[in-house]
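Colleague:
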Amino acid sequence: MEKIIDENKQGNQLVLDPLKSNTKKLFIESYGCQMNFSDSEIVASILADNGYNTTTNLEDADLVLVNTCSIRDKAEQTVRKRLEKYNAVKRQSNPKMKVGVLGCMAERLKSKFLEEEKIVDLVVGPDAYKDLPNLLSEVEDGRNAVNVILSKDETYGDISPVRLQSNGVTAFVSITRGCDNMCTFCVVPFTRGRERSRDPQSILSEVNDLANKGFKEITLLGQNVDSYLWYGGGLKKDFDKASEMEQVTATNFAALLTLVAEAQPKMRVRFSTSNPQDMKMDVVKTIAKHQNICNYIHLPVQSGSTRILKEMNRQHTREEYMALIDNIRQIIPDCAISQDIITGFPTETEEDHQDTLSLMDYVKYDFGFMFKYSERPGTTASRKLKDDVSEETKKRRLQEIVDLQQKHSAFRTKQFLGKTLEVLIEKTSKKNEDEWSGRTPQNTVTVFPKENYKIGDFVLVKITDCTSATLIGEAVGYS
Ligand code: SAH
Ligand code: F3S
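Heads up: take any position in the sequence shown, counting from 1, add 1, and you land on the numbering used here.
1) Express the C-alpha separation of Thr344 and Gly419 in angstroms, rounding to a whole number.
2) How is the alpha helix (DSSP H) around Gln331 delimited, first residue to last?
3) What does DSSP give as the partner residues of Asp466 in its beta bridges?
4) Do Asp181 and Lys238 have their CB atoms nearer than 8 Å?
5) Relative to the C-alpha of Val149, which candidate in Val124, Thr156, Tyr363, Asp142 has its C-alpha closest?
6) Within 10 Å of its beta-carbon, does Arg92 have 16 or more other beta-carbons around it, so buried, or fewer, so exposed?
7) Would you say the region 92–108 touches the region 182–201, given that touching needs at least three Cβ pairs under 8 Å?
8) Along the chain, where does the alpha helix (DSSP H) containing Gln202 start, and where does it finish?
9) Shortest alpha-carbon distance to Thr185 belongs to which of Glu312, Asn213, Phe272?
10) Quick one: Cα of His299 to Cα of Arg83, how far?
11) Let's see if you can read the secondary structure: which residues bound the alpha helix (DSSP H) around Phe372?
12) Under 8 Å: do the region 154–165 and the region 42–50 share three or more Cβ pairs, one atom per stretch?
13) Using a threshold of 8 Å, state whether the C-beta atoms of Ile329 and Val364 are closer than that.
14) Rounded to the nearest angstrom, what separates Thr287 and Ala255 at their Cα positions?
15) Identify, in the order they occur along the chain, each residue of the same chain with its Cβ nearer than 6 Å to the Cβ of Val121, setting aside the five sequence neighbours on each side.
16) Taking one C-beta from the region 436–443 and one from the region 354–362 each time, how about it: are there three or more such pairs within less than 8 Å?
17) What are the boundary residues of the beta strand (DSSP E) that Ala172 is part of?
18) Using the three-state DSSP reduction, which class does Val460 fall into: helix, strand or coil?
19) How would you label Val477, buried or exposed, when you count the other beta carbons within 10 angstroms and need 16 or more for buried?
20) For Asp128 and Thr220, I'd like the C-alpha separation in whole angstroms.
21) Going by C-alpha to C-alpha distance, which of Leu386, Gln202, Phe240 sits closest to Arg195?
22) Out of curiosity, what's the CA-to-CA distance linking Tyr479 and Asn444?
23) What do you get for Ala411, buried or exposed, if any count of 16 or more other CB atoms within 10 angstroms of its CB means buried?
24) Check the C-beta distance from Thr357 over to Ser306 and give it rounded, since I have them as a contact under 8 Å.
25) Would you kindly check if the distance between the Cβ of Gly235 and the Cβ of Asp200 is under 8 Å?
26) Here's the rule: buried if 16 or more other CB atoms are within 10 angstroms of the residue's CB, otherwise exposed. What is Arg398?
Below, the structure written as structure tokens:
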């Protein structure tokens, strides 16, 4: 059967236009990281083959799936609130509705979820989505179903995701799953398992397919992309057990970037996320060498204090991070760099906090994502360290970091005034429907009058004004 799937987006829910032969209705929504949104596209694809079309209406859903995030307590609370909402709808208007929990909370809580939240019928961890059809038949027979087995080799490389969130221009392609880094604050190694990489041939065929469908930009996704290593399958940690031949012919991240960039020279290539300890200079040189790999690196630092970095089990010092920044800037002078920072990690003193502020002053990040430390059950930090920075202090330090970042973002956007930059048009600007919104290679959002340009065009835009987050300009032609 030829499948025709139209893409649509409403809020953060996924919508599939009806496949004529499918009769059951799936409501699926996602929280958390890009990987979760990408995984929901895999789930939708698996269920489209098993009789489900998506709906945005909870009232007529046969199945509700929520793809969950455990990274901070607040993310989990948001999901609990959604479960209350499903419960209310089920009681009031849709008694047939079944509810399944996917993703990191499913993996963390396992069958406890069924006890804690009576509304839940189904609990499925991030490596078990191919088992969904079996689990659903259990549920249809009136039993609860749980599969939270983490895998050594599941990468979903053979599933073609349904591009449900899509603007038709930009897409995510996942290249690794899991993480071996064991940062002491982080729940991800527990919920997503050990690190494994996807076959470069399956990555390339997904990228080529996206290009054929008219996509113009891809982001290679992983918890720790620089650690990508394909040697024929299996866990990253078992690489030393591979045969000599497999080791010699293995593909690392720099080689994968080269393969992708050269396969589709007209496509923009991005990647996320880089852990500083795993970022190698061959990756930076590969970015410099290929015009279509964007000059932008998301390089979370978490803290500017070497003592705190050690407590976090980040394998670098403040000075090593600064040296990495210097090296990046030497090889790619106009490279944009963004951060993640956690404030109020256990034992963080005022001096440690000042170290974070001064590191920010040194780098002057283009933008960043900043969080208060949230203790996660089971992590090394939760077992060994007391969450001893008061909420009030966390709040104040976070505000100082956010304010400083805003100053640096404003500094960065001002550097672009008067310049002409390439912008890939993604959508209509939220603030003005006569303007397009897109991004520069450095990932800065840019808005400009629509004229006759259209979504998916690469346009040269002369920058005439800016805020701390957005460039404002006029198109001067195609790039
Ligand atoms: N490997 C990915 C995902 C990490 S989670 C990456 O490096 O981006 C994304 C960010 O959430 C982290 O970089 C960190 O800044 C933040 N984070 C993770 N665990 C946290 C916790 N327990 N409390 C607060 N923020 C946390
Ligand atoms: Fe988490 Fe550190 Fe991995 S932040 S996802 S353990 S690189």
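Glycine included, every Cβ here is placed at the ideal spot set by N, Cα and C.
Modeller: Reading off the structure:
1) 36 Å
2) 319–332
3) Ile473
4) yes
5) Val124
6) exposed
7) yes
8) 201–213
9) Glu312
10) 31 Å
11) No alpha helix (DSSP H) holds Phe372; the beta strand (DSSP E) holding it covers 368–373.
12) yes
13) no
14) 6 Å
15) Val100, Val102, Phe114, Leu115
16) no
17) 171–175
18) strand
19) exposed
20) 21 Å
21) Phe240
22) 18 Å
23) exposed
24) 7 Å
25) no
26) buried
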